[in-house]
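Each remark here refers to the structure printed beneath this line.
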Amino acid sequence: GQQLNQSPQSMFIQEGEDVSMNCTSSSIFNTWLWYKQDPGEGPVLLIALYKAGELTSNGRLTAQFGITRKDSFLNISASIPSDVGIYFCVIGGTSYGKLTFGQGTILTVHP
Amino acid sequence: SAVISQKPSRDICQRGTSLTIQCQVDSQVTMMFWYRQQPGQSLTLIATANQGSEATYESGFVIDKFPISRPNLTFSTLTVSNMSPEDSSIYLCSVDHGRTEAFFGQGTRLTVV
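Protein sequence lines, in the order shown, are assigned to chains Y and D. Each residue of the first sequence is one higher than the last, beginning at 1 in our numbering. Each residue of the second sequence is one higher than the last, beginning at 1001 in our numbering.
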């Protein structure tokens, strides 16, 4: 089946620092999504990418769809305590609801 | 956006019993999905809940263990049958609202003792 390799597994940073995480795959995909899961909640979509090379921002978050269509990264600038959570790279299937999740990056932000 | 309510939000169950989880959406949706998130793990798709027909299960998941109902376009249930401690997970309902994102419920945290 489809497999995503997401790294790093976890990050411990100081408030104000920038964060970068990425995801790679051996297969080509047409859609890359980034979700965040807060403790005790379901995942929420942060950014959706649909074209190779696409660079999209959502506030302090920036994500890019790799030119090869096999990778994506997510950057968070000037982190704040509420950025704490698990970040997942995700690829879509035949339906946007039928998703394959990466292993997740656990982000901890120290005030 | 879609608002998804799951019940119960958490439960502790005895092994060998079954638990039915409900998922209610505030609008009609075509596709509903059930995911499992084992402790410290990512989300894995269990099945697609089809309205008017049997659910479509992913590899490794079977109807006898995870029967699913979809009586209408706003509601679905997932039953975890004959539970064992290995079934302790968060179970999440998701909907494809026909747009560019999937919406998730808050999840049901199940502990089997």
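Glycine included, each C-beta is placed from N, C-alpha and C at the ideal position.
Nearest-angstrom Cα separation, counted from residue j out to residue i
i       : j       : result
D/F1061 : Y/N22   : 29 Å
D/S1001 : D/F1103 : 8 Å
Y/Q64   : D/Q1022 : 36 Å
D/S1094 : D/Q1051 : 14 Å
Y/P8    : Y/I106  : 8 Å
Y/S72   : D/A1049 : 30 Å
Y/S25   : D/R1015 : 38 Å
D/S1069 : Y/E17   : 46 Å
Y/P39   : D/G1105 : 13 Å
Residue i - containing beta strand (DSSP E), residue span
i       : result
D/S1076 : F1075 to V1080
D/S1001 : Taken as a continuous stretch (DSSP letters only), D/S1001 belongs to no beta strand (DSSP E), as it is neither H nor E.
Y/R60   : Looking at the DSSP string, Y/R60 is not in any beta strand (DSSP E), and its letter there is neither H nor E.
Y/T105  : T105 to H110
Y/I67   : Taken as a continuous stretch (DSSP letters only), Y/I67 belongs to no beta strand (DSSP E), as it is neither H nor E.
Y/V44   : V44 to L49
D/D1011 : R1010 to C1013
D/T1017 : D/T1017 -> no beta strand (DSSP E), and no H or E assigned at all.
Whether residue i touches residue j by CB criterion (7 Å)
i       : j       : result
Y/T100  : Y/I86   : no
D/T1111 : D/I1046 : no
Y/G97   : D/F1033 : yes
Y/G118  : Y/F88   : Residue 118 of chain Y is absent from the model: chain Y starts at 1 and stops at 111.
D/P1008 : D/T1077 : no
Y/N75   : Y/S20   : yes
D/R1036 : D/S1089 : yes
Y/E41   : Y/P111  : no
Identity of the residue in the options nearest residue i by Cα
i       : options                       : result
Y/L33   : Y/D18, Y/G40, Y/D83 and Y/E54 : Y/E54
Y/T62   : Y/D71, Y/T68, Y/R69 and Y/L46 : Y/L46
D/S1122 : D/S1089, D/I1004 and D/S1009  : The shown model of chain D, from 1001 to 1113, leaves out residue 1122 of chain D, and the question about it has no answer.
Y/A48   : Y/G59, Y/T31 and Y/P111       : Y/T31
Whole-number beta carbon distance between residue j and residue i, since they are thought to touch under 8 Å
i       : j       : result
D/M1083 : D/L1019 : 7 Å
Y/P81   : Y/V44   : Incorrect: roughly 17 Å between the Cβ atoms, too far for contact.
D/T1079 : D/P1067 : 5 Å
Y/G102  : Y/Q6    : 3 Å
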